[in-house]
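Enquirer: In the working numbering, the protein residues as written are 2 to 182.
Glycine included, C-beta positions come from ideal geometry on N, C-alpha and C.
Computed from a predicted structure; not experimentally measured.
Below you'll find the structure I mean.
This is how it looks when you write it as structure tokens:
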């Protein structure tokens, strides 16, 4: 595997940071390539060297975070819901600026839809409708319910600027998941 030039990584990180900072003051649709260029202190050409346009930049940034969440899911497969959720809430807390912008602003419904689809896929592995409290229920209804509830609580946490610690959030979300799955 070839080593990526540190200047490339530095430019990409500056652009990712710039898009989040700009989204805190502007709607994404109103952000221009020039705004990104100025904020990240890179040339317009550098932006186009790495991304097709601002949508590609945002898409790659979103996919990067979704992929980390996917890896966290895999690493937590043997943990109970509380311990597994703690890994996520810690990641949410450490990347607060990104997730708060994506979930608490009106600028990124695209992210919320991607996040919800991701959650539905992950919870699909946890649902059992052949026995227990969910016996006989429609699997799709349960998956949709749990994923929507989870996304809603996480969204609430960001919109209200972390009214409880990420540890308490994990404990309560994990407990709710254990009750419903």
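With the cut-off set at 7 angstroms, would you say residue 152 and residue 120 are in Cβ contact?
Expert: Cβ distance < 7 angstroms, so residue 152 and residue 120 count as in contact.
Enquirer: Out of 106, 125 and 66, point me to the one whose CA is closest to residue 90's CA.
Expert: Cα-wise, what sits closest to residue 90 is 66.
Enquirer: Measuring CB to CB, does residue 32 end up less than 7 angstroms from residue 98?
Expert: Against a cut-off of 7 angstroms, the Cβ pair of residue 98 and residue 32 comes out as no contact.
Enquirer: Buried or exposed for residue 46, going by 16 or more other Cβ atoms inside 10 Å?
Expert: Its Cβ having fewer than 16 others within 10 Å, residue 46 is exposed.
Enquirer: Have a look at residue 191 and residue 144 and give me their C-alpha separation to the nearest angstrom.
Expert: Residue coverage of the chain in this structure runs from 2 to 182, which leaves residue 191 outside it and unanswerable.
Enquirer: Please report the residue range of the alpha helix (DSSP H) in which residue 164 lies.
Expert: Looking at the DSSP string, residue 164 is not in any alpha helix (DSSP H), and its letter there is neither H nor E.
Enquirer: Here's the rule I'm using: 16 or more other beta-carbon atoms within 10 Å means buried, otherwise exposed. How should residue 158 be labelled?
Expert: Residue 158 should be labelled buried.
Enquirer: With distance defined between alpha-carbon atoms, name the residue in 136, 112, 106 and 142 nearest to residue 60.
Expert: Minimum Cα distance to residue 60 is reached at 112.
Enquirer: For residue 55, count the other beta carbons within 10 Å of its own beta carbon; 16 or more makes it buried, fewer makes it exposed. Which is it?
Expert: Classification of residue 55: buried, given that the 10 Å Cβ count is 16 or more.
Enquirer: Within 7 angstroms (strictly less), CB to CB, does residue 5 reach chain D?
Expert: No chain D appears in this structure, which consists of one protein chain only.
Enquirer: Buried or exposed: which applies to residue 13, given that a residue is buried once 16 or more other Cβ atoms fall within 10 Å of its Cβ?
Expert: By the 10 Å Cβ count, residue 13 comes out buried.
Enquirer: Helix, strand or coil: which one does DSSP assign to residue 52?
Expert: Here residue 52 sits in coil by DSSP.
Enquirer: Please say whether residue 48 and residue 63 have beta carbons closer to each other than 7 angstroms?
Expert: In this structure, residue 48 does not lie closer than 7 angstroms to residue 63 by Cβ.
Enquirer: Tell me whether residue 199 sits in a helix, a strand or coil according to DSSP, three-state version.
Expert: Given a span of 2 to 182 for the chain in the structure shown, any question on residue 199 remains unanswerable.
Enquirer: Which of the three DSSP states, helix, strand or coil, is assigned to residue 66?
Expert: Helix.
Enquirer: In terms of residue numbering, what span does the alpha helix (DSSP H) encompassing residue 6 cover?
Expert: No alpha helix (DSSP H) holds residue 6; DSSP gives it neither H nor E.
Enquirer: Just to confirm the assignment, what range does the alpha helix (DSSP H) spanning residue 86 have?
Expert: Residues 82 to 95.
Enquirer: What number of angstroms, rounded off, separates the C-alpha of residue 130 from the C-alpha of residue 160?
Expert: When rounded, the distance between both Cα atoms is 33 angstroms.
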